[in-house]
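Trainee:
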Amino acid sequence: RYAERNALLKGGSDPDRPMPANVLYVIGFPLGKEPKLFATPTSVDIRL
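Per the working numbering, the very first residue in the sequence shown carries number 368; after that it's consecutive.
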């Protein structure tokens, strides 16, 4: 299964100007046991 979400990424250097991004979630499940729906977090902390 997969899902897409439009997001705004806020950087530490300029948090007042978020950058638009398209996030793709790809999730694998055993055949025949895949769910109809799945939830993803709306906020995540990414550090490089």
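Each residue gets a CB set at the ideal place from its N, CA and C atoms; glycine is no exception.
Here the structure is a predicted model, which means the values were calculated and not measured.
Name the residue from Leu404, Gly378, Gly395 whose alpha carbon lies nearest to the alpha carbon of Val411.
Mentor: Of the listed residues, the one whose Cα sits closest to Val411 is Gly378.
Trainee: When you compare each of Ala406, Pro408, Phe396, Glu371 to Ala388 by their alpha carbons, which one comes out closest?
Mentor: With distances taken between Cα atoms, Ala388 lies closest to Glu371.
Trainee: Can you give me the Cβ contacts of Val390 inside the same chain, cut-off strictly under 6 angstroms, excluding the 5 residues immediately before and after it?
Mentor: Counting only Cβ-Cβ distances below 6 angstroms, and skipping sequence neighbours, we find Arg372, Ala374.
Trainee: Could you spell out the range, first to last residue, of the beta strand (DSSP E) harbouring Glu371?
Mentor: Taken as a continuous stretch (DSSP letters only), the beta strand (DSSP E) holding Glu371 covers 369-376.
Trainee: State the Cα-Cα distance for the pair Ser380 and Pro408, rounded to the nearest angstrom.
Mentor: Those two C-alpha atoms are separated by around 23 angstroms.
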